[in-house]
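Quick notes on the structure that follows.
Protein chains: 2
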Amino acid sequence: MTELRRGAIGDRWVIVAPMRGRRPSDLISTGEKKKELAADKCPFCPGNENRTPPEIYRLPRSDGSWQVRVIPNKFPALGDESDGTARFRTDGLYQHMAGQGTHEVIIESPDHLKSIPDLPLTSVENIIDTFHIRLQEIRKDPRHRFVVLFENHGSKAGASLAHPHAQIIATPVVPPTVKAELQQTKMHYLQEKKCLFCELLKGELESGERLIEQTDEYVVFAPYASCFPFEITITPRQHVHSFTMMSTDQRKKLAAVLKGTLHLLKTSLEDPPYNLILQDAPNVSISSHTPDYLRSLEHSYHWRIAIIPRLTTMAGLEFATGFCVNPVSPEEAARFLKKQAI
Amino acid sequence: MTELRRGAIGDRWVIVAPMRGRRPSDLISTGEKKKELAADKCPFCPGNENRTPPEIYRLPRSDGSWQVRVIPNKFPALGDESDGTARFRTDGLYQHMAGQGTHEVIIESPDHLKSIPDLPLTSVENIIDTFHIRLQEIRKDPRHRFVVLFENHGSKAGASLAHPHAQIIATPVVPPTVKAELQQTKMHYLQEKKCLFCELLKGELESGERLIEQTDEYVVFAPYASCFPFEITITPRQHVHSFTMMSTDQRKKLAAVLKGTLHLLKTSLEDPPYNLILQDAPNVSISSHTPDYLRSLEHSYHWRIAIIPRLTTMAGLEFATGFCVNPVSPEEAARFLKKQAI
Chain A
0 MTELRRGAIG DRWVIVAPMR GRRPSDLIST GEKKKELAAD KCPFCPGNEN RTPPEIYRLP
60 RSDGSWQVRV IPNKFPALGD ESDGTARFRT DGLYQHMAGQ GTHEVIIESP DHLKSIPDLP
120 LTSVENIIDT FHIRLQEIRK DPRHRFVVLF ENHGSKAGAS LAHPHAQIIA TPVVPPTVKA
180 ELQQTKMHYL QEKKCLFCEL LKGELESGER LIEQTDEYVV FAPYASCFPF EITITPRQHV
240 HSFTMMSTDQ RKKLAAVLKG TLHLLKTSLE DPPYNLILQD APNVSISSHT PDYLRSLEHS
300 YHWRIAIIPR LTTMAGLEFA TGFCVNPVSP EEAARFLKKQ AI
Chain B
0 MTELRRGAIG DRWVIVAPMR GRRPSDLIST GEKKKELAAD KCPFCPGNEN RTPPEIYRLP
60 RSDGSWQVRV IPNKFPALGD ESDGTARFRT DGLYQHMAGQ GTHEVIIESP DHLKSIPDLP
120 LTSVENIIDT FHIRLQEIRK DPRHRFVVLF ENHGSKAGAS LAHPHAQIIA TPVVPPTVKA
180 ELQQTKMHYL QEKKCLFCEL LKGELESGER LIEQTDEYVV FAPYASCFPF EITITPRQHV
240 HSFTMMSTDQ RKKLAAVLKG TLHLLKTSLE DPPYNLILQD APNVSISSHT PDYLRSLEHS
300 YHWRIAIIPR LTTMAGLEFA TGFCVNPVSP EEAARFLKKQ AI
């Protein structure tokens, strides 16, 4: 059972998710050195399917094996709590609620060693399609107010198992940072009748100084206020609020752009650890919001993928101020990556 | 020359601080493995004083050597920019300003290997006194709106040199997270005529479940919404808004509590990497604010030290939601540490 807590000072929210059957001191060794499991011990490898929780979904192969598997996370940050009321309870100056939500793992291929840049394009298309299927399904539950898909690549980026996998988390509330962003983009839309992100994209295409790649459907660029060196945004050129709205053809094209971008990162920066985040519109339903609200959300949110290489270490300055410190300007990062692509 | 940037969406502020004379690709190797310098090569060790920028301050020994040295950071995140107007300039949808501020390094002792828990108490008192002297001095400049002291211990916590040292950064604006906290605590004070943090402390002393240690002057506890496992707060028992107001006797007592707490952490968790942050009231001066504002700030802000062990890795979930995920509840952390202390 996990718990969402809110402190008395500042808008700090924490998911307290005690490690089942482990003691606090176990963190000492896992913190210092994460052991890499060999393929024969890996619970995500073919033949070890019985070592994962019961499968939620699989993309089968004609020979009875699988191409992509989806399973519940064995150590979920959020789960199906019976009293999932999604309301903070007050305890003196503090607030808490049950950790209602869901936490799934998408095993991207049977191959223990190959991640998106190394897989054939059709395999990447299968992965993107599975993302699409699971996100659509999870968004059907109105308790899942915010649904996020992410991938941690490499132990320095927080991956606890080496076998390439993505994760989907659904939270019972829209996180404060996302709420603030929504408020800002909605306000902009109401005033200007334009999506703020579309305008930002137009500016990036015009200036070109942070542009890395563009196709007929997608734009790849280094964001102006990049928190991390070589941070990358991939976004549809046309306005779409949610990834779940993308057509089969658009998803195929995304697979190619994503594979290409991650391949560029891998070859330019020696396979860096990274976090990939699919930033999608919150999951608001007609039952809890007016049609006007829904329409303004659809017009003002613009989905995108953030790729965050983990080449620097967040330290005291970042925690004390909330400022990021980035030793590589996004203009320099885009120039460097474009030069490698040629 | 560094630059503060603000993105178009969200309130994300970034310090872009290009590494002098280094190329982006240099990050690849520094990201993976930081080389530890031997003492004879260490610019912070006695005999190598000429390898640091000119000294700002030293606490001398009677034999002509030094106990504590303060120098400018060789690679400052913020510096003395001539046009330090501390105003964001607009560039289309984006905003930026010159990275005005200061960035100092405090070399805590001549000893390359000994940090606060290993040093004699008098040495720790000298360190705390140096913190006090430099913070008082830096706060005299009204351009330094926010002054923060922090220490990164261990390369996994972002320390680039092993020789124990703290850093002080002054920023030209109060960071948004600090501003939001101030607004909240000031509002609470205006409504209740009480400091919110004093009330929180009273609750912690009554319940005791997150308490680690207390003396006549200081309280040490694990905060309710701990973002990180074994996160610790040290705070004065009585209301004081700024560390710079602490008397000689109070500073002596802080040295003992800080040494004891860091020693407990070191022995209980096998010398974990950590960030230490001295959270002090922003530096607002009479020239830019009304006496009423200053009075309410002094009544509502309560200084404290945060110690953040780095045993887990921030990953996709944290970046996507802004939520922290903590596998050790603060109640469990306090119990574990207290048991080790006996």
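Those protein sequence lines, which keep their order, are chains A and B.
Position 297 (the first sequence) corresponds to 296 in numbering that gives the first Met the number 0; numbering is contiguous.
Position 302 (the second sequence) corresponds to 301 in numbering that gives the first Met the number 0; numbering is contiguous.
Ideal placement from N, C-alpha and C gives every residue a C-beta, glycine not left out.
Small disclaimer: the values here were computed from a predicted structure and weren't measured.
Contact belief for L336/B with I233/B at Cβ below 8 Å, rounded distance in angstroms: Not really, about 13 Å apart at Cβ, beyond 8 Å.
For F318/B, the first and last residue of its enclosing alpha helix (DSSP H): G315 to T320
Opposing strand residues paired with W302/B [DSSP bridges]: DSSP lists no partner for W302/B.
Proximity test, Cβ basis, 8 Å: N274/A and chain B: yes
Close beta carbons around N72/A, own chain, < 7 Å, minus the five adjacent residues each side: H102, E103, V104 and Q166
Integer-rounded CB distance, given that N282/B should sit under 8 Å from R138/B: 5 Å
Within chain A, partners of V147/B - CB distance below 7 Å: A319 and T320
When S295/A, I132/A and E230/A are compared against I304/A, the one with the closest alpha-carbon: E230/A
Residues sharing a beta bridge with T232/A, DSSP: F220/A and A305/A
Opening and closing residue of the alpha helix (DSSP H) in which Q237/B lies: Where Q237/B is concerned, there is no enclosing alpha helix (DSSP H), given that its DSSP letter is neither H nor E.
Through-space distance from P53/B to M345/A, alpha-carbon basis: Residue 345/A is absent from the model: chain A starts at 0 and stops at 341.
CB contact check: F43/B to chain A, cutoff 8 Å: no
Any C-beta of chain B under 8 Å from that of P116/A: no
Straight-line Cα distance separating K265/B from W302/B: 24 Å
Cβ of W302/B within 8 Å of any chain D Cβ: Judged by its chain identifiers, the structure shown contains no chain D, and its protein chains are A and B.
Any C-beta of chain A under 8 Å from that of P222/B: yes
Proximal residues to R88/B (C-beta, below 8 Å), its chain only, five neighbours per side dropped: Q94, H95 and M96
8 Å CB neighbourhood of R309/A in its chain, flanking five on each side removed: G153, K155, A156, F227, P271, P272, Y273 and N274
Top-ranked residue by Cα proximity to V173/B, from T1/A, G321/A and R21/A: G321/A
Cα-Cα separation between T170/B and S299/B, rounded to whole angstroms: 21 Å
Interface residues of the stretch 149 to 182 of chain A facing chain B [CB-CB below 8 Å]: F149, E150, N151, S154, K155, A156, G157, A158, Q166, I168, T170, P174, P175, T176, V177, A179 and E180
Span separating the alpha-carbon of S246/A from that of D215/A: 14 Å
Assigned secondary structure, M186/A (DSSP; H/G/I helix, E/B strand, else coil): helix
Residue environment, T289/B, which counts as buried when at least 16 other CB atoms sit within 10 Å: exposed
Neighbour flag for I8/A against chain B, beta carbons, 8 Å: yes
Helix, strand or coil at G78/A according to DSSP, with G and I counted as helix: strand
Assigned exposure category for G98/A - 16 Cβ within 10 Å defines buried: buried
Where E330/A sits in the DSSP three-state scheme: helix
Cβ neighbours of L189/A in the same chain (closer than 7 Å, five flanking residues each side left out): S295
CB of H131/B within 8 Å of CB of T243/B, strictly: yes
Nonlocal neighbours in the same chain, by C-beta distance under 6 Å from V13/B, ignoring five residues either side: R4
Of the residues E317/A, H262/A and C323/A, the one placed nearest I341/A, counting alpha carbons only: H262/A
Contact under 8 Å by Cβ, V15/A with S328/B: yes
For D39/B, the three-state DSSP class (helix, strand or coil): helix
Given Y56/A as reference, the closest of L118/A, R11/A and E107/A once Cα atoms are compared: E107/A
Contacts of R5/A in chain B (Cβ-Cβ under 7 Å): A224
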